[in-house]
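J.: Below: one structure in structure tokens.
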Amino acid sequence: MSDHLDAICAEYLARVEADLAGVPARERRQIVEQISEHISTARAALPEQSEDALREILRRLGPPEDIAATARRENFSGARRERSAASLAVAVAVGVVGLGIGLAAALGTFSGIVSSSLGTNVKSDNSTHASPVRGSPIAVSVPLVIGEQLSRAVPELTDVGLEYRVIQTTGTVPIGTVIMQAPAGGSAAQVGTPVQLTVVGMAIAVGVPNVVGKSQAQAAAVLAARGLVMSVTGSAANDQVAAGIVTSQEPPAGASVPSQSDVSVTLSAG
Amino acid sequence: MQYMVPGSTEKMLAQMRRGAIEYCVLSLLRDRDCYGLELARALAEADGLVTSEGTVYPLLTRLRREGLVDATWEESPNGPPRRYYRITPDGRAALRAFSTQWKRFRDTVDLLLD
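Protein chains in written order, with the working numbering: chain A, 338 to 607; chain B, 300 to 413.
As structure tokens, this is what we get:
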């Protein structure tokens, strides 16, 4: 019986979705989701699950073509233009925060993901960390956002109650494009789950040059020329090397790191 | 000329409510957050405001898009979790502006109709 009722709901939602053809994808998805929630909430309040009661819920929702006609009169595209600059700014800010977190947490991991070679080069070793937040039991369907710009992908995720993390990589597709997501689109996830988005390009990967053997000033200049920042972590007594010369560096020469990363050096104290 | 042909009352109402309904939604959210079913039922029960409950959702979608309303998930004591809609500061500002203009407009029309 319940399967039968579910099938009636699914059929109604499919008709709404079909009739919404021509409405932008994001709005279409939101409208269908909201109507799906409406039905679930109304069904939960029924004293008993009967086909008649369900048909009454759907009758009150109205014919799918009426909902679609209303949707077509709404000027979604105008609203989007107005807000796109702000959304983009938020997305970029988030990207920067994501970059900071990535660096602070695990520069090594980040280096593995960001490659200096041409073309898309992504390693998925740390891609899925979809731990639920707050022990929430609410499950939602993860939107598929691969191929979209980050500024569009982010509201699609947050609209259904998901969070997100941004990882950056290099690639041949335009900057800001999401090229990987975890969990995958269409899978079920609990509200509050962070979806990890791998996004092309706001950080440019650079190769770390060798600065061991150079003076502090030379090393700083060489690193700055590559878009890297030198930080001196300390000095150690060393009778082989003159005072003020770099004796070690981290990450080592040859590693790939995002532009503006720190390179830590140790100086000889003589 | 003197009478209304069938169907045109509906058309007239549709034109009148088009400009006002989003502010009715904002007004329902002025004092407390509501979930979708509540909003849809409240508007459908208010005479002539919406033709069916489902037509509220395209409107809510646009209001969210425009940042006049936002949505948060909350647990429900019975049944699935609910998405609650909340009016934003921009939404309140829009509602205040509309209320002022609406009263002037209504008074002007009333004056001419009487």
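Here a beta-carbon is modelled for each residue, glycine too, at the ideal position from N, C-alpha and C.
Could you confirm whether any beta carbon from chain B is found closer than 8 Å to the beta carbon of A/Arg397?
T.: Yes, A/Arg397 lies at the interface with chain B (some Cβ there is under 8 Å from its Cβ).
J.: Using a Cβ-Cβ cut-off of less than 9 Å, give me the residues of the stretch 364–376 of chain B that come near chain A, in sequence order.
T.: Cβ contacts with chain A: Arg364, Glu365, Gly366, Ala370, Thr371, Trp372, Glu374, Ser375.
J.: Taking 8 Å as the threshold (beta carbon to beta carbon), is B/Pro388 in contact with chain A?
T.: So no, B/Pro388 is outside the interface.
J.: Look at the Cβ atom of A/Ala556, then the Cβ atom of A/Val543, and state whether they are nearer than 8 Å.
T.: Taking 8 Å as the Cβ cut-off, A/Ala556 and A/Val543 do not qualify as a contacting pair.
J.: Taking 8 Å as the cut-off, does the stretch 514–530 of chain A touch the stretch 559–572 of chain A (at least 3 CB pairs, one atom from each stretch)?
T.: No, the stretch 559–572 of chain A is not in contact with the stretch 514–530 of chain A.
J.: Given this structure, state the Cα-to-Cα distance separating B/Ala396 from A/Glu587, to the nearest angstrom.
T.: Going by the C-alpha atoms only, they are around 59 Å apart.
J.: Please confirm if B/Glu344 has its CB atom under 8 Å from at least one CB of chain A.
T.: Judged by the 8 Å Cβ criterion, B/Glu344 is not in contact with chain A.
J.: Is it true that the CB of A/Ser377 sits closer than 8 Å to the CB of B/Pro379?
T.: In contact: B/Pro379 and A/Ser377 (Cβ atoms closer than 8 Å).
J.: Going by alpha carbons, who is nearest to A/Ala406 out of A/Ala390, A/Ala379, A/Asp389, A/Ala355?
T.: The residue with the shortest Cα to Cα distance from A/Ala406 is A/Ala355.
J.: For a contact meaning CB atoms closer than 8 Å, what does A/Val482 contact in chain B?
T.: What A/Val482 touches in chain B: nothing, since even the nearest Cβ is about 17 Å away.
J.: B/Ala281 touches chain A at which residues, Cβ-Cβ below 7 Å?
T.: No answer is possible for residue 281 of chain B: it lies beyond the span of chain B, which begins at 300 and ends at 413.
J.: Kindly indicate which three-state DSSP category A/Ala521 falls into: helix, strand or coil?
T.: Reduced to three states, the DSSP call for A/Ala521 is coil.
J.: Thinking C-alpha only, which one of A/Pro480, A/Gln386, A/Ala558, A/Thr535 is nearest A/Ile512?
T.: Checked all of A/Pro480, A/Gln386, A/Ala558, A/Thr535; the closest Cα to A/Ile512 is A/Thr535.
J.: Do you know offhand how far A/Ala581's Cα is from A/Val559's?
T.: Note on residue identity: the sequence assigns Gly, not Ala, to residue 581 of chain A. In a straight line, the C-alpha of A/Gly581 is about 16 Å away from that of A/Val559.
J.: Please report the distance separating the alpha-carbon of A/Pro361 from that of B/Thr360.
T.: Approximately 11 Å between the Cα atoms of the pair.
J.: Given a threshold of 16 other Cβ atoms within 10 Å of its Cβ, counted over all protein chains shown, does A/Lys551 qualify as buried or as exposed?
T.: It counts as buried.
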